[in-house]
Amino acid sequence: MLLIEKGLALPRDGSTLDTEKVMRQGLFMSDETWLDRHGQIVVPEEHFNLGGKTKWYGAALLRFAPDEFGPDLLHQCLPWPFGYDEMVPFYEEAEELLAVHHFPLEAGLHAMSSALARRDPSWRRQMLALGLARDILAYPEEAQHFDAFASMRGLKRDAETALLDRVKNKPNLTIITGKAIAALAPTYARARRAIGVVCEDGSRSRVTKYCSPRERCIALGCCSLTWKRMDWRRHCPAIARWVATTKRMC
Ligand SMILES: Cc1cc2nc3c(=O)[nH]c(=O)nc-3n(C[C@H](O)[C@H](O)[C@H](O)COP(=O)(O)OP(=O)(O)OC[C@H]3O[C@@H](n4cnc5c(N)ncnc54)[C@H](O)[C@@H]3O)c2cc1C
Numbered sequence: 000m001l002l003i004e005k006g007l008a009l010p011r012d013g014s015t016l017d018t019e020k021v022m023r024q025g026l027f028m029s030d031e032t033w034l035d036r037h038g039q040i041v042v043p044e045e046h047f048n049l050g051g052k053t054k055w056y057g058a059a060l061l062r063f064a065p066d067e068f069g070p071d072l073l074h075q076c077l078p079w080p081f082g083y084d085e086m087v088p089f090y091e092e093a094e095e096l097l098a099v100h101h102f103p104l105e106a107g108l109h110a111m112s113s114a115l116a117r118r119d120p121s122w123r124r125q126m127l128a129l130g131l132a133r134d135i136l137a138y139p140e141e142a143q144h145f146d147a148f149a150s151m152r153g154l155k156r157d158a159e160t161a162l163l164d165r166v167k168n169k170p171n172l173t174i175i176t177g178k179a180i181a182a183l184a185p186t187y188a189r190a191r192r193a194i195g196v197v198c199e200d201g202s203r204s205r206v207t208k209y210c211s212p213r214e215r216c217i218a219l220g221c222c223s224l225t226w227k228r229m230d231w232r233r234h235c236p237a238i239a240r241w242v243a244t245t246k247r248m249c
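Numbering (numbering that gives the first Met the number 0), first residue to last: 0 to 249.
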């Protein structure tokens with residue numbers, strides 16, 4: 000199994016908790032430029048690093064409520080093709096891996112939610128499910144900087160600490176960082192199957208056999224995926240159609 004990541008692993012020296020470096024200098028944000036549909040240059044402020052955006056996320060890990068899988072007639076939305084019960088084993092596994100805990104509301108929020116409920120009884124109070132270590136409060140610097148910052152002690156459970164660190168030493172997994180995929184390499188022009196990937200530096204990673212849609216996973220994040228569709232449309236129309244389908248499913 001090969002995992003190719005465009006960015007590098009983030010430093011664990013405390014700089015990712017430093018407001019000056021993270022917020023003011025934007026040190027960890029990519030300055031890559033994209034073109035919008037009018038041909039204007041935009042800087043989408045993407046993060047490219049091992050662990051993806053979960054390194055920066057707020058770790059609020061809520062389940063959809065059972066009724067949210069149903070149709071929403073008011074907004075003309077169809078129901079999901081499966082119900083909440085089917086998701087439960089996946090929620091449970093993800094919550095265990097991400098060590099999701101429920102944290103009580105802070106005093107200020109408690110007062111605010113009480114005031115809201117007095118005005119409109121449909122407001123509900125609920126403990127917040129967070130992928131944070133229980134003892135994070137013992138580290139004020141981390142407790143005050145987890146949303147939009149990256150933990151240096153691994154107190155926020157992210158894709159690197161909670162998932163990749165568990166498997167990175169497995170003999171059947173290779174993780175390459177600092178290499179960007181530019182396109183899937185089709186077996187031949189207009190092919191329906193990919194034989195590997197072409198990276199931006201021109202290198203190719205070839206798999207030992209053709210990979211079917213079940214055996215490959217493109218997880219560039221939804222913004223990058225849309226952008227990469229352009230390359231696939233040019234290189235391999237069948238794969239572009241598949242990517243378009245995947246994007247709709249996201
Ligand atoms: C500040 C912030 C707070 C957030 N808070 C929450 C929250 O509290 N709760 C919540 O549920 N969600 C939150 N999110 C959203 C959540 O983090 C993302 O939805 C989620 O991480 C997306 O996962 P992904 O795998 O789709 O994309 P990503 O995490 O973006 O992963 C895509 C990976 O692909 C890599 N990549 C991109 N292009 C290439 C390429 N060409 N070649 C190789 N590699 C490539 C990227 O570097 C990245 O590592 C937050 C996000 C941010 C930025």
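Ideal Cβ positions, reconstructed from N, Cα and C, are used throughout, including at glycine.
1) Would you mind stating whether arginine 36 and alanine 128 have Cβ atoms separated by less than 9 Å?
2) Taking just the CA atoms, how far does alanine 137 sit from arginine 247?
3) For proline 70 and proline 78, which I take to be in contact (beta-carbon distance under 8 Å), what is that distance rounded to the nearest angstrom?
4) Taking the straight line between their C-alpha atoms, what separation do you get for lysine 54 and isoleucine 175?
5) Are leucine 16 and glutamate 141 close, meaning C-beta to C-beta below 9 Å?
6) Relative to ligand 1, is the shortest distance from any of its heavy atoms to the C-beta of histidine 46 smaller than 8 Å?
7) Just to confirm before moving on: does the CB-CB distance between alanine 161 and phenylalanine 47 stay below 9 Å?
8) Check the DSSP bridge columns for alanine 182 and list the partner residues they point to.
9) Hey, would you say glutamate 159 sits closer than 9 Å to alanine 8, going by beta carbons?
10) Helix, strand or coil: which one does DSSP assign to valine 166?
11) Look at the alpha carbon of leucine 73 and the alpha carbon of glutamate 67, and state the distance between them as a whole number of angstroms.
12) Looking only at DSSP bridge pairs, what is isoleucine 3 linked to?
13) Could you give the first and the last residue of the continuous beta strand (DSSP E) run that contains phenylalanine 102?
14) Going by DSSP, what residue range makes up the alpha helix (DSSP H) through leucine 96?
15) When DSSP labels each residue in this structure, what does serine 121 get in the three-state scheme?
16) Can you grab the Cα-Cα spacing for the pair arginine 203 / alanine 110, in whole Å?
17) Which of the three DSSP states, helix, strand or coil, is assigned to aspartate 35?
18) In this structure, how does DSSP classify aspartate 71 when only helix, strand and coil are distinguished?
19) According to DSSP, simplified to helix, strand and coil, what is alanine 8?
20) Starting from alanine 142, trace the beta strand (DSSP E) both ways and give me its first and last residue.
21) Between which two residues does the beta strand (DSSP E) holding leucine 127 run?
22) With a threshold of 16 other CB atoms inside 10 Å of the CB of arginine 118, please say whether the residue is buried or exposed.
Quick look at the numbers:
1) no
2) Its pLDDT being 45, under 50, arginine 247 is placed unreliably by the model, and nothing is read from it.
3) 4 Å
4) 18 Å
5) yes
6) yes
7) no
8) Val197
9) yes
10) helix
11) 13 Å
12) Ile175
13) 100 to 102
14) 83 to 96
15) coil
16) 57 Å
17) coil
18) strand
19) coil
20) It is not in any beta strand (DSSP E) - alanine 142 instead sits in the alpha helix (DSSP H) that spans 139 to 142.
21) 127 to 129
22) exposed
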